[in-house]
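Novice:
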Amino acid sequence: MLKGLIFDLDGVLTDTARYHLSAWNNLAKELGISLNQDQLDSLRGISRMDSLELILKYGGQENKYSEAEKEKFAAEKNAKFVEQVETITPKDILPGIPQLLKDAKAQNLKMVIASASKNAPKILNRLGIMDEFDGIVDPATLHHGKPDPEIYEKAQELTGFKADEVISFEDAKAGVESIKAAGQFAVGIGDKELLKEADYIVPSTADLKLSEIEKVFEK
Ligand code: B16
Ligand code: MG
Numbered sequence: 100m101l102k103g104l105i106f107d108l109d110g111v112l113t114d115t116a117r118y119h120l121s122a123w124n125n126l127a128k129e130l131g132i133s134l135n136q137d138q139l140d141s142l143r144g145i146s147r148m149d150s151l152e153l154i155l156k157y158g159g160q161e162n163k164y165s166e167a168e169k170e171k172f173a174a175e176k177n178a179k180f181v182e183q184v185e186t187i188t189p190k191d192i193l194p195g196i197p198q199l200l201k202d203a204k205a206q207n208l209k210m211v212i213a214s215a216s217k218n219a220p221k222i223l224n225r226l227g228i229m230d231e232f233d234g235i236v237d238p239a240t241l242h243h244g245k246p247d248p249e250i251y252e253k254a255q256e257l258t259g260f261k262a263d264e265v266i267s268f269e270d271a272k273a274g275v276e277s278i279k280a281a282g283q284f285a286v287g288i289g290d291k292e293l294l295k296e297a298d299y300i301v302p303s304t305a306d307l308k309l310s311e312i313e314k315v316f317e318k
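Going by the working numbering, the letters in the sequence shown line up with residues 100 to 318, in that order.
1) Select from PHE260, ALA122, ARG117, GLU231 the residue whose C-alpha is nearest the C-alpha of ASP202.
2) Let's test the definition: count the other Cβ atoms within 10 Å of the Cβ of HIS119 and tell me whether it reaches 16, buried, or not, exposed.
3) Excluding the five sequence neighbours on either side, which residues of its own chain have a C-beta within less than 6 Å of the C-beta of GLU161, listed in chain order?
4) Going by Cα to Cα distance, which pick from ALA205, GLY259, LEU309, VAL184 is closest to ILE222?
5) What are the residues that DSSP puts in a beta bridge with THR113?
6) Output the distance between the C-alpha atoms of PHE268 and ALA122, rounded to the nearest integer angstrom.
7) In the DSSP assignment, what are the bridge partners of ALA58?
8) With distance defined between alpha-carbon atoms, name the residue in PRO189, ASN125, ALA273, ILE266 nearest to GLU175.
9) For a test of your reading of the model: does the CB of ALA271 fall under 6 Å from any non-hydrogen atom of ligand 2? Yes or no.
10) Comparing the CB of GLY159 with every heavy atom of ligand 2, is any distance shorter than 6 Å?
11) From the DSSP output, which residues share a beta bridge with LEU104?
12) When the distance is taken between beta carbons, is GLU252 closer than 7 Å to LEU101?
13) How far does the alpha helix (DSSP H) with ILE250 in it extend, from its first residue to its last?
14) Take GLY110 as the anchor and find which of GLY103, GLY287, ILE266 has the nearest alpha-carbon.
15) Is GLY274 closer than 7 Å to ASP107 when the C-beta atoms are compared?
16) Look at ILE105 and ALA213 and say whether their C-beta atoms are less than 7 Å apart.
17) Please state whether DSSP places VAL301 in a helix, a strand or coil.
18) CB-CB under 6 Å to GLN138, same chain, minus the five flanking residues each way: which ones, in chain order?
19) Expressed to the nearest angstrom, what Euclidean distance is found between the alpha-carbon atoms of VAL236 and VAL315?
20) According to DSSP, is ILE235 helix, strand or coil?
21) Do you know offhand how far LEU293's Cα is from LYS163's?
22) Between which two residues does the alpha helix (DSSP H) holding ARG147 run?
23) Thinking C-beta only, is VAL265 closer than 7 Å to ASP233?
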């Protein structure tokens with residue numbers, strides 16, 4: 100029986116990816132690295148330091164900088180990102196999400212956030228939906244990023260339910276892999292081919308309908 104929902108943030112509840120990607124692109128340019136669209140897309144859902152490591156690898160600079168220098172670059176990127184976050188308003192909640200949250204509340208489902216973003220509380224506050232959720236996984240406590248199951252396992256612990264009692268929502272390939280490795284039902288939002296491991300796939304958040312998802316979940 101369905102008892103809880105677990106949500107990724109960026110790409111599911113709101114689209115902060117454009118801010119992440121433009122801040123990374125700026126930093127990469129400063130480091131003399133030019134990223135193509137596929138390389139930029141590969142950063143979706145990936146933690147801050149893992150994203151930086153990937154960018155340095157794409158630029159053939161993986162052994163060039165000390166840990167302290169890398170921390171400085173990541174802090175620089177984050178400062179740019181946070182500037183953009185300050186412009187977020189409730190209008191930036193993705194279509195279909197307000198109704199989904201309403202339907203979940205009507206069924207008394209517990210709701211928890213499984214975002215790799217250390218800025219998640221700030222973003223949820225700007226969106227005005229912080230109080231809708233019963234818990235947020237603190238990404239600072241994680242040892243492994245998505246696609247490792249750790250974040251979805253921790254989110255499930257926060258719900259207090261079993262793996263087969265929750266549905267988890269993701270837009271990133273690494274995220275869907277993380278959900279499946281945690282043994283949960285995955286809803287993928289985005290490209291069918293890319294997210295093919297998911298149990299239920301929709302092209303956009305506007306297509307999410309809890310009653311329809313539940314029909315497949317209960318099968
Ligand atoms: P921060 P999600 C992820 O959010 C983003 O998709 C990814 O681009 C970002 O690098 C990561 O959070 C870490 O974010 O730098 O704010 O800690 O999709 O897991 O909600
Ligand atoms: Mg995401």
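Each residue gets a CB set at the ideal place from its N, CA and C atoms; glycine is no exception. Note that the structure is predicted; figures quoted are calculated from it, not measured.
Specialist: The short version:
1) The residue given as residue 202 occupies position 103 in the sequence shown. With distances taken between Cα atoms, ASP202 lies closest to GLU231.
2) For this step, residue 119 is matched to residue 20 along the sequence shown. By the 10 Å Cβ count, HIS119 comes out buried.
3) Your numbering for residue 161 matches position 62 in the sequence shown. Around GLU161: LEU155.
4) The sequence position of residue 222 within the sequence shown is 123, counting from 1. The shortest Cα separation from ILE222 among ALA205, GLY259, LEU309, VAL184 belongs to VAL184.
5) Taking the sequence shown and counting its residues from 1, the one referred to as residue 113 is at position 14. Per DSSP, ASP109, ILE192.
6) Your numbering for residue 268 matches position 169 in the sequence shown. Your numbering for residue 122 matches position 23 in the sequence shown. If I take the Cα positions, the gap works out to 25 Å.
7) This structure gives no information on residue 58, because the portion of the chain shown stretches from 100 to 318.
8) Residue mapping note: residue 175 aligns to position 76 of the sequence shown, counting from 1. Of the candidates PRO189, ASN125, ALA273, ILE266, the one whose C-alpha sits nearest the C-alpha of GLU175 is ASN125.
9) Sequence index remark: in the sequence shown, residue 271 carries index 172 (1-based). For ALA271, the shortest separation between its Cβ and any heavy atom of ligand 2 lies below 6 Å.
10) Start at 1 with the first residue of the sequence shown, and residue 159 comes out as number 60. For ligand 2, no non-hydrogen atom lies closer than 6 Å to the CB of GLY159.
11) For this step, residue 104 is matched to residue 5 along the sequence shown. Its beta-bridge partners are MET210, ILE266.
12) The count along the sequence shown starts at 1 and reaches residue 101 at position 2. The count along the sequence shown starts at 1 and reaches residue 252 at position 153. No; because the gap between Cβ atoms is not below 7 Å, this pair is not in contact.
13) Translated into the one-based positions of the sequence shown, residue 250 becomes position 151. First-last of the alpha helix (DSSP H) with ILE250: 249-258.
14) What you label residue 110 is simply residue 11 of the sequence shown in a count that begins at 1. If we check each option's Cα against that of GLY110, GLY287 comes out closest.
15) Mapped onto the sequence shown, residue 107 falls at position 8. Mapped onto the sequence shown, residue 274 falls at position 175. Yes. Within cutoff.
16) The sequence position of residue 105 within the sequence shown is 6, counting from 1. The sequence position of residue 213 within the sequence shown is 114, counting from 1. It is a contact, given that the beta carbons lie within the stated cut-off.
17) Working through the sequence shown from its first residue, we reach residue 301 at position 202. Look at VAL301 here: in three-state DSSP terms it is strand.
18) Residue mapping note: residue 138 aligns to position 39 of the sequence shown, counting from 1. Excluding sequence neighbours, GLN138 sits near TYR157.
19) Taking the first residue of the sequence shown as 1, we reach residue 236 at position 137. Taking the first residue of the sequence shown as 1, we reach residue 315 at position 216. Inter-residue distance for VAL236 and VAL315 is about 27 Å (C-alpha atoms, whole angstroms).
20) As a first step, residue 235 is located in the sequence shown; it is residue number 136 there, counting from the start. Reduced to three states, the DSSP call for ILE235 is strand.
21) As a working mapping, residue 293 is identified with position 194 in the sequence shown. As a working mapping, residue 163 is identified with position 64 in the sequence shown. Rounded to the nearest angstrom, the two C-alpha atoms are 32 Å apart.
22) Within the sequence shown, numbered from 1, the residue matching residue 147 stands at position 48. 147-157 is the span of the alpha helix (DSSP H), which, as asked, contains ARG147.
23) Taking the sequence shown and counting its residues from 1, one reaches residue 233 at position 134. Taking the sequence shown and counting its residues from 1, one reaches residue 265 at position 166. Their beta carbons are not under 7 Å apart, which means ASP233 does not touch VAL265 by this criterion.
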